[in-house]
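**Q**
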Amino acid sequence: MKRLFEDIGRYCQLMLRVFSRTDNRRMLWKQVPTEMVKLGADSILLIAIISIFMGVIMTMQVILNTENPLLPRYTTGLMLRDTYLLEFSSTIMCLLLAGKVGSNIASEIGSMRVSEQIDAMEIMGVNSANYLIFPKIMGLVIFMPILVTLCVALGLIGGVGVAAFTDLITMDDFVYGLQYAFIPFYFTYSVIKSIVFGFIISSVSAFYGYYAFGGALAVGRASTNAVVKSSIIMLLMDIVLTDLMLT
Amino acid sequence: MIEVKNINKSFDGKQILYDISAQFLGGNVNQIIGQSGSGKTVLMKSIIGLFKAESGEVLYDGRNLQEMTEKEVKILRREVGMLFQGSALFDSLTVLGNVMYPLEMFSSMTRIEMEKRAKFCLERVNLIDEKHNLYPGEISGGMQKRVAIARAIALNPKYLFCDEPNSGLDPVTSLVIDKLISDITKEYGITTIVNTHDMNSIMETGDHIILIKGGRKAWEGSKNDIFEKGNPDLEDFVFASDLFKTIRKKKVDNNN
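Heads up: the sequence lines are chains F and U, in that order. Under the working numbering, think of the first position of the first sequence as 11, with each following residue one higher. Under the working numbering, think of the first position of the second sequence as 273, with each following residue one higher.
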């Protein structure tokens, strides 16, 4: 328990340094587009493949497992849309990103720590926390709405594919379900959640990398901690945000 | 000049440095020597401020590091260059990019001026043009050390710290690095502090030497005093090598 509070304290101190005054604004912002590409754009393929396949599979599962005459056929489209909007595009996608992006951030910063590159920056008088972590947080947070939109769109396209290429459901029923009782706020909710989760993934992973101590083993441990801890924190925040925004 | 007064440092209740005091003069290569684990690196990092000493003072030309505000420490840092044991070059930047980094962060030079200054520093450490666009992973360990020296002197530092600059290098390259550090120190009047346990380096460049043993200052002198003074801690360290035992024996025989 003592360790937990110590970690929370150190995390808060680190974030204060990350968002404190920068040494060279031009150099800092120059890195943001690079991080957007590295952390966000490079994840598009992974997100696209998973979103389409999960869209197809979920549509088929819903159709095959809800053969109840009392349930209208359009329920499939409705369930797929709301599942993607409310949870899949934000929570599940971010859990996947925690594995890919989180471990990348922790191992990159951790390697810089153990090879004394961060010490070299500090000796020069550079605020290393601000210079290294701020662009990663901004890069991921800015790119998150694009990934959410892409995830929802491709998931629904996967469902449309099932309606188009199989006899399990007609296109009319499926599209009617997609449009039925649509609440636009669900999309805003999803985007807000993904921005919060993007912040958690990047900042928590950077925290574990920044405080890595030792050699290669420490970098490995930092990567593991980054993925596990950011996933747990995201799930806890999911409950809080759902309570705050949907109830 | 850097002056250290009564520095004490411990980690998790374990005392590492005991009441160390020393003066490191400008234009001199000052060496902190001692066996691995004796506390050399902790002393150097305490002098730089990467570790906070529990008690004692570190004075940079009379300016007390312990009493400086965060802003003052940042300004002081721009007067400091450091060569790390593993070079600590930024993997994502080219050789030229590494040397330009401190200039980009802290100088008001134009890009052309920065490139000119970085190239001058690289030429000063004898790194030819063809290597400038390579990444640190694509050059040898000796070249990495030279790039690190070029980066350290890019902002014309007043103080230069070198943590085991010869570790992992062959004897010939070690000599080149030693000579470079010594030449740059004399040329620009820098206060240089070198952490080392390499006897060749000590005999080559040690203008002023302090020996650390078990976290305590055990001896202080110059390279010329090493064979003269009969300090048991120094003898344990220096004459651990058969080569130096033979050199001393020859010296004693010659004197007789």
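All residues carry an ideal CB built from backbone N, CA and C; glycine is no exception.
Going along the chain, which residues of the region 110-136 of chain F sit with their C-beta nearer than 7 Å to a C-beta in chain U?
**A** Ser-125, Glu-126, Gln-127, Asp-129, Ala-130, Glu-132, Ile-133, Met-134, Gly-135 and Val-136
**Q** Which parts of the region 366-445 of chain U are runs of the beta strand (DSSP E), unbroken and 3 residues or longer, counting only runs that do not cross its ends?
**A** 431-435
**Q** On the DSSP letters alone, give me the boundaries of the beta strand (DSSP E) that U/Tyr-290 sits inside.
**A** 286-296
**Q** Taking C-beta pairs closer than 8 Å, name the residues in chain F that U/Ala-360 reaches, listed in chain order.
**A** Ser-125, Glu-126, Gln-127, Asp-129 and Ala-130
**Q** Within 8 Å (strictly less), CB to CB, does F/Asp-33 reach chain U?
**A** yes
**Q** Among F/Ile-18, F/Met-11 and F/Arg-13, which has the Cα closest to the Cα of F/Val-214?
**A** Nearest C-alpha to F/Val-214: F/Ile-18.
**Q** Taking 8 Å as the CB-CB limit, is U/Lys-286 close to chain F?
**A** no
**Q** What residues of chain U sit near F/Met-37, judged by a beta carbon separation below 8 Å?
**A** Glu-376 and Met-377
**Q** Is DSSP giving U/Leu-483 helix, strand or coil here?
**A** Collapsing the DSSP output to three states places U/Leu-483 in a strand.
**Q** Provide the residue span of the beta strand (DSSP E) that contains F/Phe-197, from first to last.
**A** Per DSSP, F/Phe-197 belongs to no beta strand (DSSP E); it is in the alpha helix (DSSP H), 195-220.
**Q** Please report whether the beta-carbon of U/Lys-346 lies at a distance below 8 Å from any beta-carbon of chain F.
**A** The beta carbon of U/Lys-346 falls within 8 Å of a beta carbon belonging to chain F, placing the residue at that interface.
**Q** Can you find the residues in the same chain that come closer than 8 Å, C-beta to C-beta, to U/Met-340, ignoring five residues on each side of it along the sequence?
**A** Exclusion of the five residues before and after U/Met-340 leaves Leu-348 as the residues of its chain whose Cβ lies within less than 8 Å of its Cβ.
**Q** Find the nearest neighbour of F/Met-37 within the set F/Lys-110, F/Asn-140, F/Ala-51 and F/Phe-15, judged by alpha-carbon distance.
**A** Here the closest residue by C-alpha is F/Asn-140.
**Q** Please report the distance separating the alpha-carbon of U/Leu-331 from that of U/Ile-274.
**A** Distance from the CA atom of U/Leu-331 to the CA atom of U/Ile-274, rounded to whole angstroms, is 6 Å.
**Q** Residues of chain F with CB closer than 8 Å to the CB of U/Met-386, please, in chain order.
**A** By Cβ distance, chain F contributes nothing, its closest Cβ being about 12 Å from U/Met-386, past 8 Å.
**Q** In three-state terms, what does DSSP make of F/Ala-191?
**A** coil
**Q** How about F/Leu-160 and F/Ile-54: do their beta carbons lie closer than 8 Å?
**A** yes
**Q** Counting C-beta neighbours from all protein chains within 10 Å, is the total for U/Val-345 16 or more, i.e. buried, or is it exposed?
**A** Burial call: exposed.
**Q** Is F/Leu-150 closer than 8 Å to F/Gly-50 when the C-beta atoms are compared?
**A** yes
**Q** Using a Cβ-Cβ cutoff of less than 6 Å, which residues in the same chain neighbour U/Lys-317 once the five nearest sequence positions on both sides are dropped?
**A** Phe-323
**Q** Could you pull out every residue in the same chain whose Cβ sits closer than 7 Å to the Cβ of U/Lys-485, ignoring the five residues on either side in sequence?
**A** Counting only Cβ-Cβ distances below 7 Å, and skipping sequence neighbours, we find Gly-306, Ser-310 and Asp-505.
**Q** Using DSSP with H/G/I as helix, E/B as strand and the rest coil, what is U/Lys-317?
**A** It is helical.
**Q** Report the residue from F/Pro-145, F/Ile-59 and F/Leu-227 whose alpha carbon sits nearest the alpha carbon of F/Val-42.
**A** F/Pro-145
**Q** Quick check: the region 75-91 of chain F against the region 181-188 of chain F, are there 3 or more CB pairs under 8 Å?
**A** A contact exists between the region 75-91 of chain F and the region 181-188 of chain F.
**Q** Is it true that the CB of U/Phe-499 sits closer than 8 Å to the CB of U/Leu-483?
**A** Contact flag unset, no.
**Q** Within the chosen definition, does the region 97-105 of chain F reach the region 189-205 of chain F through at least 3 CB pairs nearer than 8 Å?
**A** yes
**Q** Could you pull the DSSP bridge partners for U/Gly-493 from this structure?
**A** Residue pairing of U/Gly-493 in beta bridges, as defined by DSSP: U/Ile-481.
**Q** Closest to F/Ile-115 by C-alpha separation, out of F/Asn-235, F/Leu-251, F/Ile-242 and F/Val-172, would be which residue?
**A** Nearest C-alpha to F/Ile-115: F/Asn-235.
**Q** Round the Cβ separation of U/Thr-457 and U/Gly-299 to the nearest angstrom and send it over; I've been treating them as touching at under 8 Å.
**A** Yes, U/Thr-457 and U/Gly-299 are in contact; Cβ-Cβ is about 7 Å, under 8 Å.
**Q** Comparing the C-beta of U/Ile-292 with each C-beta of chain F, is any distance below 8 Å?
**A** no
**Q** For the beta strand (DSSP E) containing U/Glu-329, name the first residue and the last one.
**A** Membership of U/Glu-329 in the beta strand (DSSP E) is indicated by the continuous run 327-332.
**Q** For F/Asp-6, tell me which candidate among U/Phe-378, U/Lys-286 and U/Glu-342 has the shortest Cα-Cα distance.
**A** There is no way to answer for residue 6 of chain F, as the model of chain F reaches only from 11 to 257.
**Q** How many angstroms separate the CA atom of F/Trp-39 from the CA atom of U/Gly-461?
**A** 37 Å
**Q** Starting from the C-beta of U/Gly-321, find all residues in its chain whose C-beta is less than 7 Å away, skip the five residues before and the five after it, and write them out in chain order.
**A** Closer than 7 Å at the Cβ level, and outside the excluded window around U/Gly-321, lie Leu-337 and Val-345.
**Q** For U/Tyr-290, which residues from the same chain have a beta carbon less than 7 Å from its beta carbon, with the 5 sequence-adjacent residues on both sides left out?
**A** Asn-280, Gly-487 and Arg-488
**Q** So, does the CB of U/Met-354 fall closer than 8 Å to a CB anywhere in chain F?
**A** Residue contact with chain F for U/Met-354: present (Cβ-Cβ distance below 8 Å to some residue of chain F).
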